[in-house]
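Number of protein chains: 4
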Amino acid sequence: MVRLQFSVELNYQVLEPGADFIFNLQAAQTRHQRVVSERLEISQPVVTRSHTDAVAHTRTLRLSALPGPLRVLSAATVDIAHHRMQPQDLGEVRIPDLPPQVLPYLYPSRYCESDKLHGFAVQQFGALWHGYGRVLAIRDWVTREVAFRSNTSNSLTTACDTLANKQGVCRDFAHLMIALCRAVNIPARFATGFDYGADPALGPPDFHAYVEAWLAGRWYLFDPSGTAIPMGFVRLATSRDAADAAFATIFGGVQSQAPRVHIEAVADDQGVLVLPVHGTDALSTDTGEA
Amino acid sequence: MVRLQFSVELNYQVLEPGADFIFNLQAAQTRHQRVVSERLEISQPVVTRSHTDAVAHTRTLRLSALPGPLRVLSAATVDIAHHRMQPQDLGEVRIPDLPPQVLPYLYPSRYCESDKLHGFAVQQFGALWHGYGRVLAIRDWVTREVAFRSNTSNSLTTACDTLANKQGVCRDFAHLMIALCRAVNIPARFATGFDYGADPALGPPDFHAYVEAWLAGRWYLFDPSGTAIPMGFVRLATSRDAADAAFATIFGGVQSQAPRVHIEAVADDQGVLVLPVHGTDALSTDTGEA
Amino acid sequence: MVRLQFSVELNYQVLEPGADFIFNLQAAQTRHQRVVSERLEISQPVVTRSHTDAVAHTRTLRLSALPGPLRVLSAATVDIAHHRMQPQDLGEVRIPDLPPQVLPYLYPSRYCESDKLHGFAVQQFGALWHGYGRVLAIRDWVTREVAFRSNTSNSLTTACDTLANKQGVCRDFAHLMIALCRAVNIPARFATGFDYGADPALGPPDFHAYVEAWLAGRWYLFDPSGTAIPMGFVRLATSRDAADAAFATIFGGVQSQAPRVHIEAVADDQGVLVLPVHGTDALSTDTGEA
Amino acid sequence: MVRLQFSVELNYQVLEPGADFIFNLQAAQTRHQRVVSERLEISQPVVTRSHTDAVAHTRTLRLSALPGPLRVLSAATVDIAHHRMQPQDLGEVRIPDLPPQVLPYLYPSRYCESDKLHGFAVQQFGALWHGYGRVLAIRDWVTREVAFRSNTSNSLTTACDTLANKQGVCRDFAHLMIALCRAVNIPARFATGFDYGADPALGPPDFHAYVEAWLAGRWYLFDPSGTAIPMGFVRLATSRDAADAAFATIFGGVQSQAPRVHIEAVADDQGVLVLPVHGTDALSTDTGEA
Numbered sequence: 000m001v002r003l004q005f006s007v008e009l010n011y012q013v014l015e016p017g018a019d020f021i022f023n024l025q026a027a028q029t030r031h032q033r034v035v036s037e038r039l040e041i042s043q044p045v046v047t048r049s050h051t052d053a054v055a056h057t058r059t060l061r062l063s064a065l066p067g068p069l070r071v072l073s074a075a076t077v078d079i080a081h082h083r084m085q086p087q088d089l090g091e092v093r094i095p096d097l098p099p100q101v102l103p104y105l106y107p108s109r110y111c112e113s114d115k116l117h118g119f120a121v122q123q124f125g126a127l128w129h130g131y132g133r134v135l136a137i138r139d140w141v142t143r144e145v146a147f148r149s150n151t152s153n154s155l156t157t158a159c160d161t162l163a164n165k166q167g168v169c170r171d172f173a174h175l176m177i178a179l180c181r182a183v184n185i186p187a188r189f190a191t192g193f194d195y196g197a198d199p200a201l202g203p204p205d206f207h208a209y210v211e212a213w214l215a216g217r218w219y220l221f222d223p224s225g226t227a228i229p230m231g232f233v234r235l236a237t238s239r240d241a242a243d244a245a246f247a248t249i250f251g252g253v254q255s256q257a258p259r260v261h262i263e264a265v266a267d268d269q270g271v272l273v274l275p276v277h278g279t280d281a282l283s284t285d286t287g288e289a
Numbered sequence: 000m001v002r003l004q005f006s007v008e009l010n011y012q013v014l015e016p017g018a019d020f021i022f023n024l025q026a027a028q029t030r031h032q033r034v035v036s037e038r039l040e041i042s043q044p045v046v047t048r049s050h051t052d053a054v055a056h057t058r059t060l061r062l063s064a065l066p067g068p069l070r071v072l073s074a075a076t077v078d079i080a081h082h083r084m085q086p087q088d089l090g091e092v093r094i095p096d097l098p099p100q101v102l103p104y105l106y107p108s109r110y111c112e113s114d115k116l117h118g119f120a121v122q123q124f125g126a127l128w129h130g131y132g133r134v135l136a137i138r139d140w141v142t143r144e145v146a147f148r149s150n151t152s153n154s155l156t157t158a159c160d161t162l163a164n165k166q167g168v169c170r171d172f173a174h175l176m177i178a179l180c181r182a183v184n185i186p187a188r189f190a191t192g193f194d195y196g197a198d199p200a201l202g203p204p205d206f207h208a209y210v211e212a213w214l215a216g217r218w219y220l221f222d223p224s225g226t227a228i229p230m231g232f233v234r235l236a237t238s239r240d241a242a243d244a245a246f247a248t249i250f251g252g253v254q255s256q257a258p259r260v261h262i263e264a265v266a267d268d269q270g271v272l273v274l275p276v277h278g279t280d281a282l283s284t285d286t287g288e289a
Numbered sequence: 000m001v002r003l004q005f006s007v008e009l010n011y012q013v014l015e016p017g018a019d020f021i022f023n024l025q026a027a028q029t030r031h032q033r034v035v036s037e038r039l040e041i042s043q044p045v046v047t048r049s050h051t052d053a054v055a056h057t058r059t060l061r062l063s064a065l066p067g068p069l070r071v072l073s074a075a076t077v078d079i080a081h082h083r084m085q086p087q088d089l090g091e092v093r094i095p096d097l098p099p100q101v102l103p104y105l106y107p108s109r110y111c112e113s114d115k116l117h118g119f120a121v122q123q124f125g126a127l128w129h130g131y132g133r134v135l136a137i138r139d140w141v142t143r144e145v146a147f148r149s150n151t152s153n154s155l156t157t158a159c160d161t162l163a164n165k166q167g168v169c170r171d172f173a174h175l176m177i178a179l180c181r182a183v184n185i186p187a188r189f190a191t192g193f194d195y196g197a198d199p200a201l202g203p204p205d206f207h208a209y210v211e212a213w214l215a216g217r218w219y220l221f222d223p224s225g226t227a228i229p230m231g232f233v234r235l236a237t238s239r240d241a242a243d244a245a246f247a248t249i250f251g252g253v254q255s256q257a258p259r260v261h262i263e264a265v266a267d268d269q270g271v272l273v274l275p276v277h278g279t280d281a282l283s284t285d286t287g288e289a
Numbered sequence: 000m001v002r003l004q005f006s007v008e009l010n011y012q013v014l015e016p017g018a019d020f021i022f023n024l025q026a027a028q029t030r031h032q033r034v035v036s037e038r039l040e041i042s043q044p045v046v047t048r049s050h051t052d053a054v055a056h057t058r059t060l061r062l063s064a065l066p067g068p069l070r071v072l073s074a075a076t077v078d079i080a081h082h083r084m085q086p087q088d089l090g091e092v093r094i095p096d097l098p099p100q101v102l103p104y105l106y107p108s109r110y111c112e113s114d115k116l117h118g119f120a121v122q123q124f125g126a127l128w129h130g131y132g133r134v135l136a137i138r139d140w141v142t143r144e145v146a147f148r149s150n151t152s153n154s155l156t157t158a159c160d161t162l163a164n165k166q167g168v169c170r171d172f173a174h175l176m177i178a179l180c181r182a183v184n185i186p187a188r189f190a191t192g193f194d195y196g197a198d199p200a201l202g203p204p205d206f207h208a209y210v211e212a213w214l215a216g217r218w219y220l221f222d223p224s225g226t227a228i229p230m231g232f233v234r235l236a237t238s239r240d241a242a243d244a245a246f247a248t249i250f251g252g253v254q255s256q257a258p259r260v261h262i263e264a265v266a267d268d269q270g271v272l273v274l275p276v277h278g279t280d281a282l283s284t285d286t287g288e289a
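Chains as they are written, first to last, in numbering that gives the first Met the number 0: chain A, 0 to 289; chain B, 0 to 289; chain C, 0 to 289; chain D, 0 to 289.
The following block contains the structure:
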């Protein structure tokens with residue numbers, strides 16, 4: 000088990016009355032990720048509406064802001080007890096045997112045009128032995144082939160664009176890996192969160208985007224950007240792609256500042272400090288069930 | 000109440016073992032659309048897996064086919080008692096007040112790039128009075144601006160393509176209307192089904208695609224292609240767009256024949272025959288709840 | 000006749016040996032645009048290669064730079080004696096009658112996907128009386144429908160994107176107008192230059208992009224962005240679209256600063272100062288011939 | 000020298016008066032491809048306008064057709080005396096040293112988005128030794144990676160689409176190869192013609208599309224589709240991409256039949272029959288000069 004502590008502070012200047020926000024800023028609670036304690040601060044005296052998706056566990060917070068400054072702070076201490084498996088034991092699941100709630104992650108989405116990438120994916124990964132190893136091969140290929148470079152992509156950049164451009168940030172790596180998985184019939188989804196142990200050379204701590212693929216009855220973690228330690232992920236939202244898992248979706252005239260993120264590993268109640276490390280086990284924090 | 004009877008027959012030649020199918024071929028059962036009787040025939044002795052989505056009511060059938068011919072027939076008699084409202088009473092719902100299960104229909108998807116169309120939609124429809132009338136204005140604009148022409152679009156055609164091309168089939172009309180609605184923050188989704196009373200000049204009876212938009216706490220029906228009578232729709236599936244509501248998604252080597260569709264209005268148990276007609280009432284068959 | 004004086008200064012930091020530059024920075028010399036005097040300064044002692052396209056009149060300058068700072072200054076005094084016509088006298092030219100050198104401007108190009116916009120253009124402008132008035136209608140539509148906003152587009156933005164997005168900068172206005180013209184079989188091309196009298200609210204003086212359309216045997220000027228005075232354009236390059244008319248195309252590692260542009264109207268040799276003004280005459284500076 | 004004899008017959012049904020055609024149907028005449036004799040038949044008594052581009056050598060024929068059937072036949076006997084070089088002697092040309100008329104083939108175009116593919120191309124081919132061998136590596140990669148399959152692409156398919164889809168016809172192979180060449184600063188263009196010795200398994204004889212890349216002062220031939228024998232190409236048009244080199248561009252309501260193509264190698268005046276064969280020499284038929 001690892002215990003991670005994070006905080007994120009968002010600062011906005013709301014320019015018009017009634018600017019609406021949809022936030023996905025709170026740690027998901029799954030069978031394997033337990034929120035020990037948490038804090039949520041909203042600087043404006045507004046009504047908020049919260050919802051936790053029973054299956055995806057994403058926690059959505061909505062509010063309509065007043066003109067002026069808006070500060071949102073979300074912080075939590077989270078215990079993560081990963082489900083660990085030997086990679087060789089994890090097979091792909093045949094389409095008729097997928098749980099119904101997993102089917103949506105098989106189809107193309109806004110940023111993951113798996114239909115367009117079908118030919119590429121089949122040619123590159125179609126003949127590989129089906130199972131965790133194939134997803135790992137896709138992850139390795141994306142990590143190796145795409146260069147991490149800030150400011151080379153934007154909110155319109157899709158998986159096909161990244162295949163052509165071969166550069167991007169964690170979100171682009173994730174989209175490309177997801178599209179390639181789906182194109183060979185492996186359900187895959189977009190996950191956002193914070194990553195303990197990110198390479199400081201990539202800039203200040205920030206949100207992270209990574210991938211969960213469905214194998215042998217669970218969602219397993221993959222980090223195609225290769226910049227983080229999967230054991231050190233705190234999960235916020237999961238979704239088809241970045242179109243619906245943004246940490247903040249804003250409707251209206253708002254100026255945003257860069258988020259201020261902090262994350263660290265801390266000792267548990269017994270005083271034991273476990274640091275996230277790279278390993279070869281397959282890791283999962285979600286059974287995909289309610 | 001209208002009583003409609005439909006049947007659809009699909010014929011395939013399966014070329015390789017283990018070709019998987021995901022069908023959405025059975026009439027949805029909602030508070031307003033009741034399946035009086037139905038029949039499902041599958042010509043191969045294979046195991047099928049059925050699932051009904053508790054919220055969307057879509058009924059998914061999966062199977063893994065054997066090589067050789069495969070025939071699937073779905074038929075049903077359906078009673079539809081529309082929820083009817085005066086259009087002027089139906090307002091849009093503010094984003095913080097939308098039910099959580101409606102939020103996914105606010106975001107861009109594979110074929111409905113509402114993010115890219117934001118500027119167009121705001122300019123064209125942003126200043127209109129918010130409510131049913133605005134959705135109607137979007138529907139009318141799509142009906143008027145896009146020409147119905149077979150074989151002018153394909154499985155890659157998106158809402159942006161249709162805006163530029165100004166022609167397509169019912170699926171393209173639906174994608175464009177959905178994208179424009181979402182771009183002005185009105186949740187909208189893709190619905191597939193059969194339409195009683197389609198213009199025979201458009202070809203033999205076929206599947207139909209139309210739109211449901213969320214207003215005043217319900218999903219209301221719209222037919223942007225202008226080729227059908229909304230009162231005469233039998234709903235099969237709803238989804239973000241055609242990427243996940245196909246009547247058949249096929250994985251593997253399969254040859255398909257054109258579907259054979261039949262639909263008619265029939266008399267109810269009291270011998271009363273009500274024919275679907277065009278009207279000015281707002282029609283809904285779904286509260287969006289489980 | 001107007002006499003305009005411009006200067007543009009470009010400053011680069013060349014990071015690696017052998018970075019190549021293709022510049023289009025010098026005023027075109029046409030039958031109607033005469034370069035009275037000009038100056039070109041290049042801060043590095045490198046060989047340059049100049050070429051003037053006999054038909055398009057674009058003056059290309061190439062060089063391979065040394066590491067370190069590079070400063071390029073181009074300045075000229077230019078006399079422009081516009082060919083003026085009554086708009087109602089200018090007809091479109093039938094495709095078989097177009098001069099061969101005009102044909103390339105009929106086809107889609109990187110940023111002007113006139114093929115994709117065919118449906119839109121025919122529907123919107125197909126029924127209009129053919130001639131200068133139709134091109135004016137296209138220009139007016141683009142000016143009215145697209146909002147001028149900095150930083151809303153980038154080097155990937157195409158005419159179709161701008162149609163959906165309805166915002167952009169002069170380059171985007173030009174691409175959309177060009178694509179719409181070509182889609183209804185009117186040859187149109189991209190022109191770059193400097194514009195006297197630009198609205199200072201849009202920022203410091205900069206390069207400008209506008210459109211030339213082929214009518215009645217000449218290239219006529221149009222300013223779809225509506226931000227400038229066509230009579231006050233000094234033309235540098237013309238081309239199919241921004242892909243090949245960039246004022247600087249850079250191959251290699253180079254940091255660029257914003258260009259520093261100055262333009263003013265000056266008195267001619269007789270001491271007469273003519274200021275560019277808006278007018279209703281059709282203006283041309285190019286017969287399209289060598 | 001090889002002597003090739005071809006004929007192509009096109010049949011149309013013109014549905015409205017004044018449908019315009021632009022044909023590129025006649026063999027180019029270059030220093031290395033000599034038209035020994037030729038025939039052109041047009042079944043309607045209409046005025047035609049012919050033009051030969053002085054640099055590209057493309058021969059354009061325009062006409063405005065009458066309603067009713069239109070038959071166009073183009074046939075010729077052509078002697079091709081290839082300029083042959085040892086591949087290892089052919090270097091790439093630095094950008095400042097390219098002839099001006101070659102520059103347009105360095106920029107992205109409608110179907111060859113070399114700008115979007117820059118990252119991919121640099122990563123895959125950037126480190127290779129510059130010269131003919133690099134172009135050959137690009138050609139080999141395209142041949143190996145893309146599968147030849149009819150009806151998998153259409154008139155909207157671009158190089159980026161083909162990279163993702165990994166299948167297409169000769170036109171798609173050519174677009175992808177051209178885009179990859181341009182992305183690493185090698186001028187490349189689209190060539191259309193007929194190919195002696197095409198694999199009959201690919202269907203009846205048809206037009207062929209291939210690539211010319213600029214190396215060491217000449218345009219050299221490449222066949223990325225791998226379906227033909229470069230020595231057996233009769234060249235019709237060259238251009239940036241398929242947008243402007245179509246054998247027929249049609250404006251107006253016209254029904255087209257499949258072209259009927261015949262090509263064979265014939266004996267020269269001395270009775271010597273040379274059959275085109277595969278070889279390792281670099282082949283060129285064009286110096287790129289007028």
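Backbone N, C-alpha and C fix where the C-beta goes; we use that ideal spot for every residue, glycine too. Computed from a prediction, not measured in an experiment: that's the story for all the values here.
Sub-8 angstroms separation of residue i and residue j beta-carbons
i: alanine 18(D); j: glycine 251(D); result: yes
i: arginine 78(D); j: arginine 2(D); result: Looking at the sequence provided, one finds aspartate at residue 78(D) rather than arginine. In contact: aspartate 78(D) and arginine 2(D) (Cβ atoms closer than 8 angstroms).
i: isoleucine 262(B); j: arginine 61(A); result: no
i: alanine 208(D); j: alanine 163(D); result: no
i: proline 204(C); j: valine 134(C); result: no
Interface flag, residue i vs chain B, CB-CB below 8 angstroms
i: glycine 196(C); result: no
Cβ-based burial, residue i [other Cβ within 10 Å; buried from 16]
i: asparagine 184(D); result: buried
i: serine 255(A); result: exposed
Closer than 8 angstroms to chain A by CB, residue i
i: alanine 242(B); result: yes
i: leucine 116(D); result: yes
Minimum Cβ-Cβ distance from residue i to chain C less than 8 angstroms
i: proline 107(D); result: yes
i: asparagine 150(D); result: no
Interface flag, residue i vs chain D, CB-CB below 8 angstroms
i: asparagine 23(C); result: no
Residue range of the alpha helix (DSSP H) that includes residue i
i: arginine 138(C); result: 131-144
i: valine 121(D); result: 117-124
Residue i - containing beta strand (DSSP E), residue span
i: asparagine 10(C); result: 1-13
Checklist line | Contiguous alpha helix (DSSP H) assignments of at least 4 residues, all confined to the region 154-197 of chain D | finding: Taking only runs of at least 4 residues, the alpha helix (DSSP H) segments lying wholly in the region 154-197 of chain D are 158-164 and 169-182.
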